[in-house]
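K.L.:
One structure, pasted below without further comment.
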Amino acid sequence: MTDLSTGPAEDYDPQSDPLLHAILSFLSASSWSSAQGIVEDHPDLLRPKAELMLDSLIKEAKAQGNQQTAFNLILHRNKLREARNAPFDIVFRDTPTDNNNAMDAVRALIDVESLEQARSTINANPILLSLDVEHVFDMLTAMAEVNDDQPAATTLQTYRELLQACRAVGVDVAFDMAGGNLPNEELMNAMLEYVNAPDWPATRQVVEAHPQLVSDEAIRGFDMLIEGARAQGHNTAVMRMTGHKALLESIQEIGIDDAFHRVENPPDLFDVVAERTITSLTTAPDEREAWQDVVHDLYTQASISGDESAAMLLQAVSTLLSGTPVNEIAVDLPEENHRQIWSQIVAALS
0 MTDLSTGPAE DYDPQSDPLL HAILSFLSAS SWSSAQGIVE DHPDLLRPKA
50 ELMLDSLIKE AKAQGNQQTA FNLILHRNKL REARNAPFDI VFRDTPTDNN
100 NAMDAVRALI DVESLEQARS TINANPILLS LDVEHVFDML TAMAEVNDDQ
150 PAATTLQTYR ELLQACRAVG VDVAFDMAGG NLPNEELMNA MLEYVNAPDW
200 PATRQVVEAH PQLVSDEAIR GFDMLIEGAR AQGHNTAVMR MTGHKALLES
250 IQEIGIDDAF HRVENPPDLF DVVAERTITS LTTAPDEREA WQDVVHDLYT
300 QASISGDESA AMLLQAVSTL LSGTPVNEIA VDLPEENHRQ IWSQIVAALS
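Numbering follows numbering that gives the first Met the number 0, with no gaps: position 46 of the sequence shown is 45.
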């Protein structure tokens, strides 16, 4: 039987977990091709536990003001995220000796002000259609996260996805697709302001100031950004943008007053956890993998914040979603409300 009663602290105990040694080997690899070999020898590096340990190290490095260490940790964690969804030989392709041309080309691309300028920049810089630029996006994205610059990260993801589409289907087809999906500069700026508003009253002010957010074009723009973030394993960004997209859809359906009343008075989080978990394991199995990613992020947040009972519950749910039968999971939750949620899940699946 899987015993989860000891709580989340074990996930961060380097003395008892050999996974730490694999992580350190991965971090100290002399090249990305060497790092690939380490991942192939230690597939547990691709599992949530490894990401939890790396996230903890990143948080510590940031708290100590060690930006270079945080950058290196983020860069390696993001590589592992990509490796879950893409071929290893692409993810771990070694960085070219001279990558300055690719860096200059990417910087020129992300500074454009329209699709027409983006297309001209790509045509003038064929290096943008090579895999060399993936390393540049890796570095710039990690720098954005070190600096907590979500707008920059979103912009980078937008153009990274556009270039990936150009490589996959050709520039002409990719831009025909982007013409209907990629938001114009004004709308993109409004979307960035919207997702980065500090609270719901401020979010409402942004929507009222930019009515174009409540449009099908904005919804399509969020779909594009969400898919790009999901492809790169950026689950926190996926959650945030999905929630903001859902709010815009709600405004379209029921109006701004009722939509904001809903988000400002949400149902209890763990009622939602129980409902979604049961649904993904019964009537909607196709949602299981995506929901497991969300639960993993919630578990990370609970562990970092020190909410032991919530973290234990979410760890049990994650174990359940990983395929362990519910009757093989033993968990002794300190909080009564969490025990009730777990009992609800067990009863529904027994």
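The beta-carbon is built from N, C-alpha and C at its ideal position, and this holds for glycine as well.
How is A173 classed by DSSP in three states: helix, strand or coil?
P.N.:
In the sequence shown, counting from the first residue as 1, residue 173 sits at position 174. In this structure, A173 counts as helix in the three-state DSSP scheme.
K.L.:
Which residue spans inside the stretch 31-115 form an unbroken alpha helix (DSSP H) run of at least 4?
P.N.:
Counting whole runs of 4 or more residues, the stretch 31-115 contains the alpha helix (DSSP H) stretches 31-40, 47-62, 66-82, 87-90, 99-109.
K.L.:
May I ask you to verify whether the stretch 132-148 touches the stretch 81-101, counting CB pairs closer than 8 angstroms and requiring at least 3?
P.N.:
Contact holds: three or more Cβ-Cβ distances are below 8 angstroms.
K.L.:
On the criterion of 16 or more Cβ atoms from any shown chain inside 10 Å, does W341 qualify as buried, or is it exposed?
P.N.:
As a working mapping, residue 341 is identified with position 342 in the sequence shown. Classification for W341: buried.
K.L.:
Along the chain, where does the alpha helix (DSSP H) containing D257 start, and where does it finish?
P.N.:
Locating residue 257 in the sequence shown gives position 258, where the first residue counts as 1. 255-263 is the span of the alpha helix (DSSP H), which, as asked, contains D257.
K.L.:
Does the pairing of the stretch 66-78 with the stretch 13-32 give three or more beta-carbon distances under 8 angstroms?
P.N.:
Yes: at least three Cβ pairs fall under 8 angstroms.
K.L.:
If you draw a straight line from the alpha carbon of I344 to that of G220, how long is it in whole angstroms?
P.N.:
By one-based count along the sequence shown, residue 344 stands at place 345. By one-based count along the sequence shown, residue 220 stands at place 221. Going by the C-alpha atoms only, they are around 36 angstroms apart.
K.L.:
On the CB-based measure, 16 or more other CB atoms within 10 Å of its CB, does P47 come out buried or exposed?
P.N.:
Here residue 47 refers to the residue found at position 48 of the sequence shown. So P47 counts as buried.
K.L.:
Give a yes or no on whether the C-beta atoms belonging to I89 and Y158 are separated by under 8 angstroms.
P.N.:
Counting from one through the sequence shown, the residue named residue 89 turns up at place 90. Counting from one through the sequence shown, the residue named residue 158 turns up at place 159. Contact: no.
K.L.:
In the DSSP assignment, the alpha helix (DSSP H) including Q314 goes from what residue to what residue?
P.N.:
Translated into positions along the sequence shown, residue 314 becomes position 315. Per DSSP, Q314 belongs to the alpha helix (DSSP H) from 307-320.
K.L.:
Please classify A301: does DSSP put it in a helix, a strand, or coil?
P.N.:
Working through the sequence shown from its first residue, we reach residue 301 at position 302. In the structure shown, A301 sits in a helix (DSSP, three-state: H, G or I).
K.L.:
Helix, strand or coil: which one does DSSP assign to A28?
P.N.:
The residue given as residue 28 occupies position 29 in the sequence shown. Here A28 sits in coil by DSSP.
K.L.:
Taking all protein chains shown into account, do 16 or more other C-beta atoms lie within 10 angstroms of the C-beta of Q314, making it buried, or fewer, making it exposed?
P.N.:
Working through the sequence shown from its first residue, we reach residue 314 at position 315. With 16 or more other Cβ atoms within 10 Å, it is buried.
K.L.:
Is I37 near A21, with beta carbons less than 8 angstroms apart?
P.N.:
Stepping through the sequence shown from its first residue, residue 37 is reached at position 38. Stepping through the sequence shown from its first residue, residue 21 is reached at position 22. For I37 and A21, yes; Cβs fall inside 8 angstroms.
K.L.:
Go through its chain and collect everything with a Cβ distance to G254's Cβ below 6 angstroms, but skip five positions before and after it.
P.N.:
Looking up residue 254 in the sequence shown gives position 255. Nothing listed; no residue qualifies.
K.L.:
Under a three-way DSSP split, which group does A245 fall into?
P.N.:
Translated into positions along the sequence shown, residue 245 becomes position 246. Helix.
K.L.:
On the criterion of 16 or more Cβ atoms from any shown chain inside 10 Å, does A329 qualify as buried, or is it exposed?
P.N.:
Along the sequence shown, one-based indexing puts residue 329 at 330. With fewer than 16 Cβ atoms within 10 Å of its Cβ, A329 is classed as exposed.
K.L.:
Can A173 and C165 be called in contact, C-beta distance under 8 angstroms?
P.N.:
Taking the sequence shown and counting its residues from 1, the one referred to as residue 173 is at position 174. Taking the sequence shown and counting its residues from 1, the one referred to as residue 165 is at position 166. In contact: A173 and C165 (Cβ atoms closer than 8 angstroms).
K.L.:
Considering only the beta carbon of each residue, do A143 and L127 sit closer than 8 angstroms?
P.N.:
Here residue 143 refers to the residue found at position 144 when the sequence shown is read from its first residue. Here residue 127 refers to the residue found at position 128 when the sequence shown is read from its first residue. Not a contact, by the Cβ cut-off of 8 angstroms.
K.L.:
Measure the CB-CB distance between A245 and L212 and report whether it falls below 8 angstroms.
P.N.:
Here residue 245 refers to the residue found at position 246 of the sequence shown. Here residue 212 refers to the residue found at position 213 of the sequence shown. No; because the gap between Cβ atoms is not below 8 angstroms, this pair is not in contact.
K.L.:
On the three-state DSSP scale, how would you describe A201?
P.N.:
Counting from 1 along the sequence shown, the entry for residue 201 is found at position 202. Of the three classes helix, strand and coil, the one that applies to A201 here is helix, per DSSP.
K.L.:
Anyone know if the C-beta pair for M240 and I250 falls short of 8 angstroms?
P.N.:
One-based indexing of the sequence shown puts residue 240 at position 241. One-based indexing of the sequence shown puts residue 250 at position 251. Result no, Cβ atoms of M240 and I250 do not sit closer than 8 angstroms.
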